[in-house]
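42 is the number of the first residue of the sequence shown in the numbering used here; add one for each residue after it.
Ideal Cβ positions, reconstructed from N, Cα and C, are used throughout, including at glycine.
Data first, discussion second: the structure below is written as structure tokens.
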Amino acid sequence: MAGVKKPPTKKSFFKAVFKHSSEAIAIIDSKDRIVEVNPAGCKLFGVTKKKLINKLITQFLVSPSHWKQVQERGEIQVKQPKKKVKTVEYSLVKNVLAEYNLLILRDITDSQLQAVLELDLHHQRVELFSEVTLKIRQSLQLEEILQTAVTEVQRILQADRVLIYQVFADGTGMPIREAVLSEFKPILGVEFPEEVFPQDYRELYTKGRVRAIANVHDQDAGFAECLIEFMKEWMVKAKLVVPILQNFKSPTETKGDHLWGLLIAHQCQAPREWTEFEQELMQQLADQIGIALSQAELLENLEDLVTKRTAKLRQEISERTRAEAALRHSEEQLRLIANGLPVLIAYVDNRQHYRFNNQAYQTWLGLPPQEIDDCHLLQVHGEKEYQQIQSYVEIALRGETVTYERDLVLQDGCVHSLSITYIPHLQAQKTIQGFFALTSDITDRKAIERMKDEFISVVSHELRTPLTSIHSSLKILATGKLGSLASQGERMLKIADEQTERLVHLVNNVLDLQRIQSGKIVMNKQACQAKELMIEAIQTMKTLAQEQAIQLSFKPCNSVVWADRDYILQTLTNLVSNAIKFSPPNSTVMLSAAINSEKKPDHKHQSISYITFIVRDQGQGIPQDRLETIFERFQQVDSSDSRKKGGTGLGLAICRQIVEGHGGQIWAESCLEKGSTFYFTLPELIQSEEDLHD
Ligand code: ADP
């Protein structure tokens with residue numbers, strides 16, 4: 042039975058297992074001596090079996106003392122010759138046979154080293170990743186962000202190609218950044234049609250899908266035909282794709298994530314398993330790119346805004362500069378004009394501070410405009426002079442225009458007559474901001490007026506004396522006491538008498554007016570009963586009225602006026618005589634008076650009531666455009682009036698001087714062919730209780 046093989050015994054089985062086991066197996070006696078060891082054991086301890094048998098196990102351990110604490114399982118370190126140390130996982134089964142223990146050892150040195158290396162790599166990558174993230178975060182330049190991303194991912198993952206693929210609105214796309222090893226074909230700038238990246242793919246990526254393909258040619262990869270072609274062309278064997286989502290808020294898109302593009306890593310040399318860590322890293326980096334994109338876009342918008350705003354500001358500034366230049370130019374021109382005028386021009390604000398003065402302030406008063414600018418009137422003119430102008434300043438600051446005259450010694454050392462007008466400056470017709478002051482030198486005008494007045498006065502005086510004697514001589518002749526005249530002689534004498542009387546009247550009027558105007562006569566004012574004045578005027582005019590067949594009517598008023606009796610009588614008789622003169626026979630002339638219901642404030646804020654005297658006739662009337670001028674000297678509506686009606690054209694001018702000299706006003710109203718009405722006012726004298734009792 043030579044061909045029949047005996048089946049191996051159990052013992053031979055155990056022997057074979059013992060001999061070929063990859064785990065190290067040792068039998069140790071109760072005194073820790075090695076009594077048996079297999080070849081894997083010898084390899085682990087790094088010595089021959091001979092050197093192990095009967096040796097204490099502790100002799101081969103790095104820390105022999107630890108042997109006492111060994112448990113059923115654990116780790117120990119084995120000492121090999123040449124100081125080599127192996128980390129070993131052990132399993133100790135005590136008393137497998139009485140007094141003998143079984144020790145199984147497995148060398149884990151390499152796997153532990155591997156784990157350490159992996160951990161190291163992991164750390165390294167995490168560090169690199171934070172570096173990249175920081176770079177991306179710090180940069181606001183989109184170009185730089187994208188380039189950093191591809192370069193760094195390629196370096197960290199040790200991928201053959203890393204690219205950023207931008208997805209356009211129409212579904213097409215293009216790699217816009219790439220980091221690729223030189224031995225592989227670049228893909229940058231190649232345009233991809235929509236089919237390569239269809240709508241459903243885009244939707245999946247928008248939801249955050251990550252695709253990690255270890256081998257693109259695997260059936261499971263499930264790529265479309267055209268994509269497989271494309272991957273062949275660019276030698277893609279494995280790929281990792283993560284979406285770059287941008288938190289986008291545009292008016293057209295609803296709030297949420299927008300698929301901006303993809304971050305893609307290719308492995309071209311061989312298929313590659315993408316670890317979870319790598320996938321996570323890519324994902325986080327893509328998120329960072331998304332944030333950076335939004336920030337860059339914001340910045341771009343901001344820059345755009347800043348650019349636009351800067352341009353607008355520039356435009357505004359240049360417009361303002363132009364406007365300021367124009368203003369300066371017109372101000373210069375105004376100042377030039379103001380300085381060229383032979384008058385003092387100033388603007389004083391409502392705090393009584395000078396805000397503008399022309400050059401004449403320097404030449405006339407020795408006050409340089411720049412030095413008095415913003416100074417108070419009192420400070421500029423001194424106490425004494427300020428007192429003289431103060432009341433007028435106050436009037437102007439109350440909103441009334443005021444004109445006054447005063448004499449002043451100017452820079453040339455001579456006394457000059459000045460006419461000063463203050464015109465209030467009202468803002469929005471309400472608040473008084475200040476006033477304009479205009480001062481003109483009227484010295485020459487005054488001198489001429491004086492000369493004229495003196496001339497008239499002299500001529501009139503010189504005329505009056507011979508005229509008076511001619512007049513009285515003619516009167517004597519007319520009595521016939523010096524002999525009778527022939528009828529023609531009598532007629533001539535009558536004409537001479539009438540014309541002489543007219544001339545006397547004219548000379549008297551001229552002298553009256555001149556005297557009142559020059560202020561040489563003092564009005565002798567006293568309390569006068571208005572009624573009495575009116576009665577007297579009526580009495581005086583009675584004869585004239587009868588001659589002309591005019592009826593005089595009278596409506597008095599019981600007030601007292603403060604007036605010069607004779608002058609007011611002159612005014613009343615003048616007005617009544619005009620009314621009679623210019624009325625047709627059988628008409629009525631009415632003289633009346635009324636107290637003004639409205640009380641006019643005087644300059645001291647007190648109320649004064651006025652009495653208005655009214656002379657109304659039913660005569661020919663006065664044209665509207667002559668109602669003002671008839672109050673001027675030698676003004677007559679019709680030049681033939683003086684011939685027909687007598688008169689000189691001075692009566693109303695005298696009336697006006699008298700009324701204004703009493704602080705009143707005179708004016709006329711008229712309707713042609715219907716009649717005229719003349720009014721004049723005088724202040725009413727309010728008598729105290731005591732006066733009334735007296
Ligand atoms: P005269 O001495 O010429 O009357 P006045 O100054 O009194 O001078 O009057 C000036 C002119 O005014 C008169 O010449 C006349 O034309 C006009 N006038 C004055 N009063 C009246 C009146 N009541 N009706 C019409 N015209 C008048």
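For residue 450, which residues of its own chain have a beta-carbon under 8 Å away from its beta-carbon, when the five flanking residues on both sides are left out?
456 and 457
Closest to residue 433 by C-alpha separation, out of 475, 407, 404 and 494, would be which residue?
Minimum Cα distance to residue 433 is reached at 475.
First and last residue of the beta strand (DSSP E) that includes residue 672?
It is not in any beta strand (DSSP E) - residue 672 carries neither H nor E in the DSSP assignment.
Tell me which same chain residues have a C-beta within less than 7 Å of the C-beta of residue 57, skipping the five on either side of it?
none
Nearer than 7 Å: is that true of the beta carbon of residue 739 relative to any heavy atom of the ligand ADP?
Absent from the model: residue 739. The displayed extent of the chain is 42 to 735, so no value can be given.
On the three-state DSSP scale, how would you describe residue 546?
helix
Can you grab the Cα-Cα spacing for the pair residue 700 / residue 563, in whole Å?
14 Å
So what does residue 279 bridge to, in DSSP terms?
308
What are the uninterrupted segments assigned as beta strand (DSSP E) that are 3 or more residues long and contained completely in the region 388-426, given in chain order?
395-398
Do you know whose CA, among 633, 591 and 602, lies nearest residue 618's CA?
591
What are the partner residues of residue 631, as DSSP defines its beta bridges?
Its beta-bridge partners are 594 and 657.
In chain order, what residues of the same chain have a beta carbon less than 7 Å from the beta carbon of residue 544, not counting five sequence neighbours either side?
508
From the DSSP output, in three-state form, read off residue 148 for me.
strand
Is residue 574 near residue 609, with beta carbons less than 8 Å apart?
yes
Considering just the uninterrupted stretch of the alpha helix (DSSP H) at residue 136, what are its terminal residues?
No alpha helix (DSSP H) holds residue 136; the beta strand (DSSP E) holding it covers 125-138.
Tell me whether residue 585, by its Cβ, gets closer than 7 Å to a heavy atom of the ligand ADP.
No - the ligand ADP has no heavy atom lying nearer than 7 Å to the Cβ of residue 585.
Identify whether residue 606 lies in helix, strand or coil by the three-state DSSP scheme.
helix
Alpha carbons only, please: which of 189, 246, 528 and 711 is nearest the one belonging to residue 175?
189
Looking at the secondary structure, which residues open and close the beta strand (DSSP E) in which residue 66 lies?
65-70
Cβ-Cβ separation, residue 634 to residue 571 (assumed contact under 8 Å), whole Å:
5 Å
Enumerate in chain order the residues of its own chain whose CB-to-CB distance from residue 209 is below 7 Å, with the five nearest sequence positions on each side excluded.
When the five nearest sequence neighbours on each side are left out, no beta carbon in the same chain lies closer than 7 Å to the beta carbon of residue 209.
Provide the residue(s) that pair with residue 215 in DSSP beta bridges, ordered along the chain.
207
Alpha carbon to alpha carbon, how far is residue 344 from residue 251?
34 Å
To which residues of the same chain is residue 401 closer than 6 Å at the C-beta, ignoring the five residues directly before and after it?
385
DSSP three-state assignment for residue 448, whether helix, strand or coil
Three-state DSSP puts residue 448 in a strand.
Residue 458 (DSSP reduced to helix, strand or coil):
Looking at residue 458 - three-state DSSP - the assignment turns out to be strand.
Quick one: what's got a C-beta closer than 7 Å to residue 537's C-beta in the same chain, skipping five residues either side?
515
Cβ-based burial, residue 151 [other Cβ within 10 Å; buried from 16]
exposed
From what residue to what residue does the alpha helix (DSSP H) around residue 195 run?
Here the alpha helix (DSSP H) through residue 195 covers 183-198.
Under 8 Å between the Cβ atoms of residue 616 and residue 696?
Against a cut-off of 8 Å, the Cβ pair of residue 696 and residue 616 comes out as a contact.
Is it true that the CB of residue 473 sits closer than 8 Å to the CB of residue 467?
Remark: C-beta atoms of residue 467 and residue 473 approach each other more closely than 8 Å.
Can you tell me which of the three DSSP states residue 118 falls into?
Residue state, collapsed to three classes: strand.
By DSSP, does residue 472 sit in helix, in strand, or in coil?
strand
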